[in-house]
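Report on the following structure.
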Amino acid sequence: MSKESELITKVTVILDQPNDWEPWYQIIRDKALVKKVWMYYDISKEKEGLPRLEEPTKPTAASINPTATTISDLSSTEQSLLAEELSDWRSEKVIFREKEHAMGELMIEITRTIARRHLYLIRNKDNLYDRLSTLKLYIALTTENRNRELALQYRSLQEKPRSRNLDK
Numbered sequence: 019m020s021k022e023s024e025l026i027t028k029v030t031v032i033l034d035q036p037n038d039w040e041p042w043y044q045i046i047r048d049k050a051l052v053k054k055v056w057m058y059y060d061i062s063k064e065k066e067g068l069p070r071l072e073e074p075t076k077p078t079a080a081s082i083n084p085t086a087t088t089i090s091d092l093s094s095t096e097q098s099l100l101a102e103e104l105s106d107w108r109s110e111k112v113i114f115r116e117k118e119h120a121m122g123e124l125m126i127e128i129t130r131t132i133a134r135r136h137l138y139l140i141r142n143k144d145n146l147y148d149r150l151s152t153l154k155l156y157i158a159l160t161t162e163n164r165n166r167e168l169a170l171q172y173r174s175l176q177e178k179p180r181s182r183n184l185d186k
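Using the numbering used here, read the sequence shown as starting at 19 and increasing by one per residue.
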């Protein structure tokens with residue numbers, strides 16, 4: 019085992035409380051950035067303004083020459099051009115499949131890393147953007163929530179501890 023692999027640790031944050039939002043969201047965002055799919059689900063932007071991942075369309079003889087219906091209707095130059103476009107299409111299709119797979123992994127990761135009591139929030143949400151925006155709406159720490167939490171903590175610090183003997 020190499021020294022580098024010994025130093026790598028896996029961090030799992032379970033989204034349960036508002037305080038968990040920032041680290042949990044950062045991990046999900048980093049995974050999406052690494053897999054190059056964050057641009058499709060960046061919840062800091064409007065959903066309508068985001069690009070959509072679309073499967074590349076397979077080039078045909080007609081896409082090279084509108085009058086051609088089969089490959090044999092193409093000239094040798096057009097056939098070589100079609101062959102190049104088919105090669106590009108295969109590469110694009112591999113990238114599409116990788117991104118599609120990464121998105122599926124992220125869907126599972128979100129489901130796996132939120133507290134059981136919050137699973138109802140993402141029920142019937144089949145899109146990463148919808149899941150993330152819903153979780154942010156209901157769980158992320160807002161200014162009002164943070165002020166309320168701080169007020170509760172402050173009040174609890176002001177109360178006299180009942181279980182301790184203050185003379186000691």
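Where a beta carbon is used, it is the ideal one built from N, C-alpha and C, also for glycine.
Note that the structure is predicted; figures quoted are calculated from it, not measured.
Nearest-angstrom beta carbon gap, residue j and residue i [assumed within contact, 8 Å]
{"i": "leucine 153", "j": "leucine 33", "result": "7 Å"}
{"i": "histidine 136", "j": "isoleucine 157", "result": "7 Å"}
{"i": "isoleucine 140", "j": "threonine 129", "result": "7 Å"}
{"i": "leucine 159", "j": "tryptophan 39", "result": "5 Å"}
{"i": "arginine 149", "j": "lysine 143", "result": "5 Å"}
Own chain partners of residue i with C-beta closer than 6 Å, once the 5 adjacent residues on each side are dropped
{"i": "tryptophan 56", "result": "Ala50"}
{"i": "tyrosine 59", "result": "Leu146 and Tyr147"}
{"i": "glutamate 66", "result": "none"}
Three-state class that DSSP yields for residue i in the structure shown
{"i": "isoleucine 89", "result": "helix"}
{"i": "leucine 137", "result": "helix"}
{"i": "leucine 33", "result": "strand"}
{"i": "isoleucine 61", "result": "coil"}
Residue i classed as buried or exposed, judged by whether at least 16 other C-beta atoms fall within 10 angstroms
{"i": "leucine 155", "result": "exposed"}
{"i": "leucine 100", "result": "buried"}
{"i": "leucine 175", "result": "exposed"}
{"i": "leucine 168", "result": "exposed"}
Sequence-distant residues of the same chain with beta carbon closer than 8 Å to residue i, five excluded per side
{"i": "lysine 111", "result": "Glu73 and Pro74"}
Own chain residues within Cβ distance below 7 Å of residue i, not counting five before or after
{"i": "proline 77", "result": "Leu100, Glu103, Leu104 and Trp107"}
- Query: Does the region 101–118 touch the region 66–76, meaning 3 or more C-beta pairs lie closer than 8 Å?
  - Reply: Taking a contact to require three or more Cβ pairs closer than 8 Å, the region 66–76 and the region 101–118 qualify as touching.
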